[in-house]
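*Asks:* Position 196, counted from 1, in the first sequence is what UniProt numbering calls 196; the numbers after and before it change by one each time, with no gaps.
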Amino acid sequence: MGRSPCCEKAHTNKGAWTKEEDQRLVAYIKAHGEGCWRSLPKAAGLLRCGKSCRLRWINYLRPDLKRGNFTEEEDDVIIKLHQILGNKWSLIAGRLPGRTDNEIKNYWNTHIKRKLLARGIDPQTHHPLISGAAANAPSSKRPQDQEEQLAAAARSSCSPQSSVDSASVPHLHLGGIDLNLSLSPPSPSQPSSPVAAVAN
DNA sequence: AATATGCGCAACCGCTCCGTG
DNA sequence: ACACGGAGCGGTTGCGCATAT
Numbered sequence: 001m002g003r004s005p006c007c008e009k010a011h012t013n014k015g016a017w018t019k020e021e022d023q024r025l026v027a028y029i030k031a032h033g034e035g036c037w038r039s040l041p042k043a044a045g046l047l048r049c050g051k052s053c054r055l056r057w058i059n060y061l062r063p064d065l066k067r068g069n070f071t072e073e074e075d076d077v078i079i080k081l082h083q084i085l086g087n088k089w090s091l092i093a094g095r096l097p098g099r100t101d102n103e104i105k106n107y108w109n110t111h112i113k114r115k116l117l118a119r120g121i122d123p124q125t126h127h128p129l130i131s132g133a134a135a136n137a138p139s140s141k142r143p144q145d146q147e148e149q150l151a152a153a154a155r156s157s158c159s160p161q162s163s164v165d166s167a168s169v170p171h172l173h174l175g176g177i178d179l180n181l182s183l184s185p186p187s188p189s190q191p192s193s194p195v196a197a198v199a200n
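1) Where does residue 45 land, buried or exposed, given buried means 16+ other C-beta within 10 angstroms?
2) Select from 28, 129, 112 and 97 the residue whose C-alpha is nearest the C-alpha of residue 120.
3) Ends of the alpha helix (DSSP H) at residue 102?
4) Assuming residue 126 is part of the alpha helix (DSSP H), what are its boundary residues?
5) Using a Cβ-Cβ cutoff of less than 8 Å, which residues in the same chain neighbour residue 107 once the five nearest sequence positions on both sides are dropped?
6) Compare the Cα-Cα distances from residue 20 to each of 48, 36 and 37 and report the closest residue.
7) Pick helix, strand or coil for residue 74, following the three-state DSSP scheme.
8) Can you look up residue 59 in the DSSP assignment and give me helix, strand or coil?
9) Thinking residue 93 and residue 104 are a contact (beta carbons under 8 Å), I'd like their distance in whole angstroms, please.
10) Can you list, in chain order, the residues of its chain whose CB lies under 6 Å from that of residue 135, leaving out five sequence neighbours each side?
11) In angstroms, rounded to a whole number, what distance separates the CA positions of residue 22 and residue 50?
12) Since residue 118 is in the alpha helix (DSSP H), which residue starts that stretch and which ends it?
13) With a CB to CB cut of under 7 Å and the five nearest residues on each side skipped, what residues in its chain are close to residue 90?
14) When DSSP labels each residue in this structure, what does residue 64 get in the three-state scheme?
15) Applying the criterion that 16 or more other CB atoms from any shown protein chain within 10 Å of the CB defines a buried residue, is residue 41 buried or exposed?
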């Protein structure tokens, strides 16, 4: 069986994008919008596969991207959303305007994981680590019933590809923080911000 | 100053989901 | 109901830069 490759690999560039390729991609999308990624490279005169173009646009070239360091507030939002959603980076990114799933995933793996471990928290389960620093970690403050609430909310609202409309989406209150779990596609016009997502 | 090591980011790969015929 | 193609997602890799020795 086997599916057909997403592109003709023999005639596509790989690796880092050049300035010229970036310019071509941006110019094409500005003129025609994000259409069919599969046919875009050819139409734009790029020797890249459609997937690669999509990734480059979403993660690097989109005009609404917020580049630079994550704020403490954003850190906090990511941690709380990860606690509920797990490694659903695209969903988490949807709550952080200007941030991409790839960026958040990288940031999680390089910074936040370490930060949580230093606090004695298991970054995967968000439960206190049993040994070492966990015993006296200040953040083992979350009560058991809240954990159950989280798990239940995650189950009910975050099953893969579940079509949740904002009306039926729970607002989760975590230690005074209200997590609006409604899902909406990340877009420049999206009004949400970390503050909006985690209203206090 | 040169080399080794670690870290962070951009990009790729393979899988799953979803829409359509 | 099923198969197929396209898009999207998460995991992983590789390279370049920064820091330590």
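In this text, a Cβ means the ideal position worked out from N, Cα and C, and glycines have one as well.
Everything numeric in this text was worked out from a predicted model, so none of it was measured.
*Replies:* In short, the structure shows the following:
1) exposed
2) 129
3) 101–107
4) Premise fails: residue 126 is in no alpha helix (DSSP H) and is neither H nor E.
5) 70 and 78
6) 48
7) helix
8) helix
9) 5 Å
10) Since pLDDT at residue 135 reaches only 39, below the 50 mark, its modelled position is unreliable, and the value read off the structure follows with that caveat. Here the set comprises nothing.
11) 14 Å
12) 113–118
13) 101
14) coil
15) buried
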